[in-house]
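S.K.:
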Amino acid sequence: MKLNLDQLRDLIRLLDESNLTEIEVEQDDDRIRVRRDPAPVAGAAASDAVAPAPTSSVPQSATLAAEDDDGDYVTSPFVGTFYRSPSPDGDPFVDVGDSIALGQVLCIVEAMKLMNEIEAEVAGTIVEILVENGKPVEYGDRLFRIETS
Amino acid sequence: MFNKVLIANRGEIALRVIRSCRERGLRTVAVHSEVDADALHTRLADEAICIGPADPSRSYLHIPAIIAAAEITGADAVHPGYGFLSENPEFAETCAQCGLQFIGPRPEQIRLWGDKVSARALAKSLGLPILEGTGLVEDVEDAVKKAENLGFPVLLKASGGGGGRGMHVLRSKEELRAIFETARAESRAAFGSDALYFERFIERPRHIEFQILGDMHGNIHVLGERECSIQRRHQKILEEAPSVALTEEMRGDMSATIVRAMSEVGYLSAGTLEFLLDERGELTFLEMNPRIQVEHPVTELVMGIDLIDEQIRIADGQPLELPAEPLTPRGHAIECRINAEDPDTFAPSPGVITELHMAGGTGVRVDSGIYGGGRVPPHYDPLVAKIIVHAPTRPQAIAKMRRALSETIIGGIRTNIPLHQRILEHPAFEDGRISTRFLEELQGECVLTATVRH
Numbered sequence: 001m002k003l004n005l006d007q008l009r010d011l012i013r014l015l016d017e018s019n020l021t022e023i024e025v026e027q028d029d030d031r032i033r034v035r036r037d038p039a040p041v042a043g044a045a046a047s048d049a050v051a052p053a054p055t056s057s058v059p060q061s062a063t064l065a066a067e068d069d070d071g072d073y074v075t076s077p078f079v080g081t082f083y084r085s086p087s088p089d090g091d092p093f094v095d096v097g098d099s100i101a102l103g104q105v106l107c108i109v110e111a112m113k114l115m116n117e118i119e120a121e122v123a124g125t126i127v128e129i130l131v132e133n134g135k136p137v138e139y140g141d142r143l144f145r146i147e148t149s
Numbered sequence: 001m002f003n004k005v006l007i008a009n010r011g012e013i014a015l016r017v018i019r020s021c022r023e024r025g026l027r028t029v030a031v032h033s034e035v036d037a038d039a040l041h042t043r044l045a046d047e048a049i050c051i052g053p054a055d056p057s058r059s060y061l062h063i064p065a066i067i068a069a070a071e072i073t074g075a076d077a078v079h080p081g082y083g084f085l086s087e088n089p090e091f092a093e094t095c096a097q098c099g100l101q102f103i104g105p106r107p108e109q110i111r112l113w114g115d116k117v118s119a120r121a122l123a124k125s126l127g128l129p130i131l132e133g134t135g136l137v138e139d140v141e142d143a144v145k146k147a148e149n150l151g152f153p154v155l156l157k158a159s160g161g162g163g164g165r166g167m168h169v170l171r172s173k174e175e176l177r178a179i180f181e182t183a184r185a186e187s188r189a190a191f192g193s194d195a196l197y198f199e200r201f202i203e204r205p206r207h208i209e210f211q212i213l214g215d216m217h218g219n220i221h222v223l224g225e226r227e228c229s230i231q232r233r234h235q236k237i238l239e240e241a242p243s244v245a246l247t248e249e250m251r252g253d254m255s256a257t258i259v260r261a262m263s264e265v266g267y268l269s270a271g272t273l274e275f276l277l278d279e280r281g282e283l284t285f286l287e288m289n290p291r292i293q294v295e296h297p298v299t300e301l302v303m304g305i306d307l308i309d310e311q312i313r314i315a316d317g318q319p320l321e322l323p324a325e326p327l328t329p330r331g332h333a334i335e336c337r338i339n340a341e342d343p344d345t346f347a348p349s350p351g352v353i354t355e356l357h358m359a360g361g362t363g364v365r366v367d368s369g370i371y372g373g374g375r376v377p378p379h380y381d382p383l384v385a386k387i388i389v390h391a392p393t394r395p396q397a398i399a400k401m402r403r404a405l406s407e408t409i410i411g412g413i414r415t416n417i418p419l420h421q422r423i424l425e426h427p428a429f430e431d432g433r434i435s436t437r438f439l440e441e442l443q444g445e446c447v448l449t450a451t452v453r454h
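Chains as they are written, first to last, in our numbering: chain L, 1 to 149; chain P, 1 to 454.
1) Would you check if the distance between the CB atom of G133 (chain P) and the CB atom of R200 (chain P) is smaller than 8 angstroms?
2) Counting C-beta neighbours from all protein chains within 10 Å, is the total for H234 (chain P) 16 or more, i.e. buried, or is it exposed?
3) Can you name, in chain order, every residue of its own chain whose Cβ lies under 8 angstroms from the Cβ of V265 (chain P), other than the five neighbours on each side?
4) Using beta carbons (cut-off 8 angstroms, strictly below), is E175 (chain P) in contact with chain L?
5) Given the structure, does A30 (chain P) come close to the ligand COA, in the sense that its CB is under 7 angstroms from one of the ligand's heavy atoms?
6) Is A49 (chain L) buried or exposed, if buried means 16 or more other CB atoms sit within 10 Å of its CB?
7) Out of P:I49, P:A65, P:S229, P:R313, which one is the CA nearest neighbour of F102 (chain P)?
8) Is DSSP giving P136 (chain L) helix, strand or coil here?
9) Would you give the residue range spanned by the alpha helix (DSSP H) that G252 (chain P) belongs to?
10) Between P:H62, P:S349, P:G192, which has its C-alpha nearest E90 (chain P)'s C-alpha?
11) Would you say G459 (chain P) and I13 (chain P) are within 8 angstroms of each other, going by their C-beta atoms?
12) When the Cα atoms are used, what is the spatial distance from I146 (chain L) to S76 (chain L)?
13) So which of P:L419, P:M401, P:A119 has the shortest CA-CA distance to M456 (chain P)?
14) Based on the DSSP output, what are the partners of N339 (chain P) in its beta bridges?
15) Give the secondary structure of D16 (chain L) by DSSP, where H, G and I count as helix, E and B as strand, and everything else as coil.
16) Is the beta carbon of V31 (chain P) less than 8 angstroms from the beta carbon of A69 (chain P)?
17) Verify the CB distance criterion: does P80 (chain P) have a CB-CB separation below 8 angstroms to chain L?
18) Quick one: list the residues of chain L neighbouring P64 (chain P), beta-carbon separation under 8 angstroms, in chain order.
19) Thinking C-alpha only, which one of P:D344, P:G271, P:G363, P:M358 is nearest V302 (chain P)?
20) Against chain P, with Cβ distances strictly below 8 angstroms, would T81 (chain L) count as a contact?
21) Going straight from the alpha carbon of L6 (chain P) to that of A347 (chain P), what length do you get?
22) Pick helix, strand or coil for K157 (chain P), following the three-state DSSP scheme.
23) Please decide whether P92 (chain L) counts as near chain P, where near means a Cβ-Cβ distance under 8 angstroms.
24) Using the beta-carbon of each residue, which ones in chain L are nearer than 9 angstroms to C50 (chain P)?
25) Tell me the start and end of each unbroken beta strand (DSSP E) in the stretch 124-183 of chain P that is at least 3 residues and wholly inside, in chain order.
26) What does a CB cutoff of less than 7 angstroms around S193 (chain P) pick up in its chain, not counting 5 residues either side in sequence?
27) According to DSSP, is K400 (chain P) part of a helix, a strand, or is it coil?
Dropping the structure here:
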């Protein structure tokens, strides 16, 4: 086989651009084989990198405060309706400026007629209340901004 | 009619439901997990609610979160899609208790057909042909006795199983004795029950299923059959309608039997009765799926019907307005399930879609939940697209599907498109000589060829 250097380069390029590990060309009684180790196969490597992707590290407990540049947040552990007070005409559980203790009830998120009391997981001060009373909240929505003490 | 439909699902089926709702002027609510915040169903619905983290048990399977999402958005109906909560009778019941119209069968029907043993008994009492089988086995000695009476080979099945899981082919009593306790433990671990029974084992069956619709006025319609024999480990990969293995007479007879049976139980909404077709041409009942199925589009194409829209009309109490029986299929349809997986090893291949071009042109339909730049998360089903073609004849449909697959570009992840291409090129497939073992045998050939080359 009269294979010149350019043609050999083409074969190598073809191998590089493909997912193949081996190319074999046969003409008349001549044979040329270009091969590489399977390790650098682009497709396989990419997928291996993706496959074991860990499930995102979502807060597992009800009111883990999500840390951020501008403070700690209490996020909603359920989808439901946000209530600031235990009854429609009752006083709110907390207000801006209040100091809160670990385990103190901050609000209620109602889901399926069940009133779920949301407790503080950290002690600190309420800096901002981010949802209006009676409004719907989704899973993970920020409810309060807290300055931890 | 209800005004706003919550779709308790994700991926292509969530989009499928959103589309029919939108065409009917109904508003839609998507629910999604945190990893699906940018998924297509989330983006295309009128409203979207995050219901939990990626883990399905805390999001798409979490009934209180889904009901709460319906409450806060004012949705008044729920479509469950397939998988997830679609066959959970408690979910259908909870929807009803919360004043939400469940777009699907009644809870008691879901419960009735959900257990394989009671479903078999019910089907038998309704006059459907049943594969010879036994009642539940007590212990290993009882199992040997029952299997010998039935005659080897037998299929040992878990009563609580489904989707092809919890089954063993046994060719002798020695094999049965060897595996019995393991099978029992597996069943207990996988399905929470160690109830096992036997069925006659058919060596090379075809999988044939009939689509039905029932309304609140006692009408039952059979919308022909689908052939789903191309399976891998009991998971369907390629489906078509009609089946080349059924004559008009067989189709007509079975349709009449099904109409009688389903009228007796007053079946509501869409459902599918699955059968095995043996080498002698006998159909025997396998199971009933009380929900919409992945492969429903092939029926839609040959019957000229929108099954999701019919489900919506049925849930609203409207009568079916289909032509009198028997409905005859027009042309031939094929569906290829495109999965994010390696075509040879079947290893899942999640990731970011870097490049996407979907097939088009006459007679090609694509139902898909992916988009360029979107992500296929590793937490869910690998189905990323369904390519469905419709043509006047089966050979034309095969040619059209080959053409459609050759146009399709999905970059960034690996898909089973090469596997579909191998199936569609195979002479046995072209001739319609297929069984549920087709793929197993095709892969055997590939392994053989590879060995010879070395």
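A virtual CB, placed ideally from N, CA and C, is assigned to each residue, including glycine.
M.R.: By the coordinates alone:
1) In the second sequence, the residue the question calls residue 133 (chain P) occupies position 133. In the second sequence, the residue the question calls residue 200 (chain P) occupies position 200. Yes; because the gap between Cβ atoms is below 8 angstroms, this pair is in contact.
2) Here residue 234 (chain P) corresponds to residue number 234 of the second sequence, with the count starting at 1. H234 (chain P) is exposed by the Cβ-count criterion.
3) Stepping through the second sequence from its first residue, residue 265 (chain P) is reached at position 265. Cβ within range, chain order: Q109, L112, L122, L126.
4) Position 175 of the second sequence, counted from the start, is the residue given in the question as residue 175 (chain P). Answer no: the Cβ-Cβ gap between E175 (chain P) and chain L never drops below 8 angstroms.
5) No copy of the ligand COA occurs in the structure displayed, which carries no ligand at all.
6) Position 49 of the first sequence holds residue 49 (chain L). Here the model assigns A49 (chain L) a pLDDT of 31, short of 50, so the residue's position is not dependable, and the following value carries that caveat. Sixteen is the threshold: since fewer than 16 other Cβ atoms of the shown chains lie within 10 Å of the Cβ of A49 (chain L), the residue is exposed.
7) For this step, residue 102 (chain P) is matched to residue 102 along the second sequence. Selected option, being the one with the closest Cα: P:R313.
8) Residue 136 (chain L) sits at position 136 when you count from the first residue of the first sequence. Here DSSP, grouped into helix, strand and coil, assigns P136 (chain L) to strand.
9) In the second sequence, the residue the question calls residue 252 (chain P) occupies position 252. Counting along the chain, G252 (chain P) sits inside the alpha helix (DSSP H) bounded by residues 248-265.
10) Here residue 90 (chain P) refers to the residue found at position 90 of the second sequence. Comparing Cα positions, the closest option is P:H62.
11) Since the first and last residues shown for chain P are 1 and 454, residue 459 (chain P) lies out of range.
12) Working through the first sequence from its first residue, we reach residue 146 (chain L) at position 146. Working through the first sequence from its first residue, we reach residue 76 (chain L) at position 76. Taking the straight line joining both Cα atoms gives about 14 angstroms.
13) As displayed, chain P neither begins before 1 nor continues past 454, which places residue 456 (chain P) out of reach and without an answer.
14) Locating residue 339 (chain P) in the second sequence gives position 339, counting from the first residue. Partner(s): P:L383.
15) For the purposes of this step, residue 16 (chain L) is taken as residue 16 along the first sequence, with counting starting at 1. Note: D16 (chain L) maps to helix in three-state DSSP.
16) Within the second sequence, numbered from 1, the residue matching residue 31 (chain P) stands at position 31. Within the second sequence, numbered from 1, the residue matching residue 69 (chain P) stands at position 69. Against a cut-off of 8 angstroms, the Cβ pair of A69 (chain P) and V31 (chain P) comes out as a contact.
17) On the second sequence, residue 80 (chain P) is found 80 positions in, with the first residue counted as 1. Proximity of P80 (chain P) to chain L, defined by a Cβ-Cβ separation below 8 angstroms, is not satisfied.
18) Translated into positions along the second sequence, residue 64 (chain P) becomes position 64. Those are F78, A111, M112, L114, listed as they occur along chain L.
19) Position 302 of the second sequence holds residue 302 (chain P). Here the closest residue by C-alpha is P:G363.
20) Numbered from 1 along the first sequence, position 81 holds the residue referred to as residue 81 (chain L). So, interface residue.
21) Here residue 6 (chain P) is taken as the residue at index 6 of the second sequence, counted from 1. Here residue 347 (chain P) is taken as the residue at index 347 of the second sequence, counted from 1. Straight through space, the alpha carbons of A347 (chain P) and L6 (chain P) are spaced by roughly 33 angstroms.
22) Working through the second sequence from its first residue, we reach residue 157 (chain P) at position 157. K157 (chain P) falls in the strand class under three-state DSSP.
23) By 1-based counting over the first sequence, the position of residue 92 (chain L) is 92. So, not an interface residue.
24) Residue numbering aside, residue 50 (chain P) sits at position 50 when the second sequence is read from its first letter. Here the neighbours are V79, E138, Y139, G140, D141.
25) Qualifying beta strand (DSSP E) stretches, in chain order: 154-158, 167-170.
26) In the second sequence, counting from the first residue as 1, residue 193 (chain P) sits at position 193. Exclusion of the five residues before and after S193 (chain P) leaves S159, G160, S187 as the residues of its chain whose Cβ lies within less than 7 angstroms of its Cβ.
27) Stepping through the second sequence from its first residue, residue 400 (chain P) is reached at position 400. In the structure shown, K400 (chain P) falls within a helical segment according to DSSP collapsed to helix, strand and coil.
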